[in-house]
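Remember, the working numbering sits 3 above the position in the sequence shown when you count from 1.
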Amino acid sequence: MEKVLRHIPFVDLKTGFAPIKADIMKALESVLEDMRLYLGPHSREFEKEFARYCGTNDAVGVGSGTEALLFALLAVGIKSGDEVITTTHSFFATVEAIVAAGAIPVLVDIDPLTYTIDPGEIEKKITRKTRAIVPVHLYGQMADMDPIAEIARKRGISIVEDACQAHGALYRDKKAGSIGDAGCFSFYCTKNLGAYGEGGMVTTNDPALADRVRLYRNHGHRSKFEHAVFGYNGRLDEMQAAILRIKLKYLDENNARRRGAAERYDALLRETPLTLPQEAPLRSHVYHLYVVRSKKRDALRAFLEEKGVGTGIHYKKPIHLQEAARGLGYGSGNCPHAEAACDEILSLPMYPELDEESQEYIADCIKAFYGA
Ligand SMILES: Cc1ncc(COP(=O)(O)O)c(C=O)c1O
């Protein structure tokens with residue numbers, strides 16, 4: 004075990020900025036000189052480029068991943084009293100968007116191997132009121148889309164993919180965001196494709212759906228003085244679009260570097276008592292997060308912290324047990340796999356620039372914790 008205490012942050016945005024700094028500064032300067040601050044040329048081009056990347060006909064830039072989910076749900080026709088099925092193990096915003104659309108979130112358990120929604124549990128929760136399923140492609144790995152698409156097709160239910168953590172992930176040869184009626188992306192700064200502020204995108208093959216999202220994101224404006232629907236201020240900022248156009252060029256390379264880092268972790272940690280992430284059949288994982296599992300999670304996390312290694316927990320309490328969800332009537336034991344996972348999961352440092360030496364140090368610390 005190395006004596007020197009190192010500092011390895013959980014995420015490192017500064018190292019990724021350095022090589023693209025000159026291009027970013029030039030792009031920002033051009034936006035500021037032009038003073039087209041939203042719905043300008045960068046937003047329009049970025050929408051086309053991102054749609055092409057995802058393999059969809061269209062993409063609509065919005066202000067955040069949360070807005071992407073809300074506008075997509077409204078655009079597929081979700082209204083007050085409808086039921087929308089999703090996973091209890093996600094970032095809270097997945098369910099916030101469902102509630103904001105006026106619907107009742109129906110929260111189901113996960114498949115314990117991938118931590119993504121269990122299609123068998125979806126089937127059990129379908130009622131006459133079910134209008135949509137929101138599978139979440141968690142940690143960079145897509146949900147099991149074949150059975151989900153089959154359930155939706157049989158029942159005439161919409162699919163709104165939460166792809167906020169899965170830019171570039173694949174299911175068979177399909178990119179995240181290209182299978183459902185709509186795909187929703189976040190460009191939060193730490194995501195695989197991250198802005199230097201907020202941003203989001205809705206991808207779709209349906210021109211009418213894209214049109215409705217364009218209305219919702221901009222106060223329902225059909226033209227300057229005409230409002231077709233009651234919408235929102237939910238546009239993608241032009242400076243963020245200019246930044247994201249530059250960063251999109253590096254997305255595949257950065258995803259490959261994340262996959263390389265995951266492979267190194269797999270090899271370094273194979274002999275430890277940790278449960279390592281699994282890449283399920285048919286899927287290509289882009290490792291937004293590298294999540295391990297330990298019965299001694301909290302002690303291990305404190306030990307790593309002492310050794311200068313930053314970690315995260317995604318997430319510590321499932322959504323059905325959150326105070327905000329009390330009125331939905333769930334309790335402990337309703338989603339046993341998610342509840343068990345929340346007590347044991349730990350996210351190790353993961354970013355494209357994470358180097359081999361840092362990963363060896365992290366692995367040495369973990370082995371020292373287990374007394375190997
Ligand atoms: C799974 C998931 N859904 C939704 C969101 C919401 O995205 P945003 O923070 O851009 O609103 C995030 C990210 O933060 C996320 O990880």
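Just so it is clear, CB atoms sit at the ideal spot from N, CA and C, and this is done for glycine as well.
Whether residue i touches residue j by CB criterion (8 Å)
i       : j       : result
Thr-90  : Ile-101 : no
Lys-370 : Cys-345 : no
Phe-188 : Ala-71  : yes
Leu-141 : His-170 : no
Tyr-354 : Gly-19  : yes
Tyr-253 : Tyr-235 : no
Gln-281 : Leu-173 : no
Gly-180 : Thr-59  : yes
Met-242 : Gly-64  : no
Asp-165 : Val-137 : yes
Ile-160 : Thr-130 : no
Tyr-293 : Tyr-268 : yes
Phe-13  : Gly-313 : yes
Leu-279 : Phe-372 : no
Gly-374 : Leu-239 : no
Lys-178 : Cys-338 : no
His-92  : Ala-244 : no
Beta-carbon contacts of residue i that lie in its chain and below 7 Å, excluding the five residues immediately before and after
i       : result
Ala-366 : Leu-271, Leu-272
Lys-298 : Glu-347
Asn-257 : Asn-195, Pro-355
Ile-316 : Ile-348, Leu-349, Ser-350
Ala-75  : Val-163, Ala-185, Cys-187, Val-205, Val-216
Leu-247 : Phe-49, Phe-190, Leu-196, Ala-198, Gly-202
Leu-307 : Thr-314, Cys-368
Other residues of its chain near residue i: CB distance less than 6 Å, five sequence neighbours each side excluded
i       : result
Ile-182 : Met-148
Ala-106 : Ile-81, Asp-85, Val-87
Gly-123 : none
Pro-150 : Pro-122
Contact test: residue i Cβ vs ligand 1 heavy atom, cutoff 7 Å
i       : result
Thr-69  : yes
Cys-167 : yes
Gly-80  : no
Phe-13  : no
Gly-74  : For the sequence presented, residue 74 should be read as Phe rather than Gly. No.
Glu-326 : no
Thr-89  : no
Phe-94  : yes
Gly-203 : yes
Thr-97  : yes
Ser-189 : yes
Val-139 : yes
Extent of the continuous alpha helix (DSSP H) to which residue i belongs
i       : result
His-340 : 339–347
His-288 : No alpha helix (DSSP H) contains His-288, which DSSP labels as neither H nor E.
Alpha-carbon spacing of residue i relative to residue j, whole angstroms
i       : j       : result
Met-28  : Ile-249 : 11 Å
Gly-332 : Asp-214 : 36 Å
Glu-309 : Gly-43  : 48 Å
Arg-225 : Ala-231 : 6 Å
Pro-284 : Gly-263 : 18 Å
Leu-277 : His-10  : 22 Å
Ile-125 : Asp-37  : 49 Å
His-291 : Ala-146 : 14 Å
Asn-208 : Val-295 : 36 Å
Ala-135 : Leu-212 : 14 Å
Thr-287 : Asp-255 : It is Ser, not Thr, that sits at residue 287 in the sequence shown. So the two alpha carbons sit approximately 12 Å from each other.
Lys-24  : Ala-328 : 43 Å
His-340 : Asp-301 : 19 Å
Cys-39  : Asp-121 : Note on identity: in this sequence residue 39 is Arg, with Cys being the wrong assignment. Distance between the alpha carbons of Arg-39 and Asp-121 is about 45 Å.
Limits of the beta strand (DSSP E) - the one that residue i falls within
i       : result
Asp-165 : 161–165
Ser-226 : 224–226
Arg-376 : The requested residue 376 does not occur in the structure, where the chain is confined to residues 4 to 375.
Short CB-CB distance (under 8 Å) between residue i and chain C
i       : result
Leu-277 : Any reference to chain C falls outside this structure, which holds one protein chain only.
Cutoff 8 Å; reference residue i; Cβ partners in own chain excluding five residues on either side
i       : result
Glu-342 : Pro-321, Leu-324, Ser-335, Gly-336
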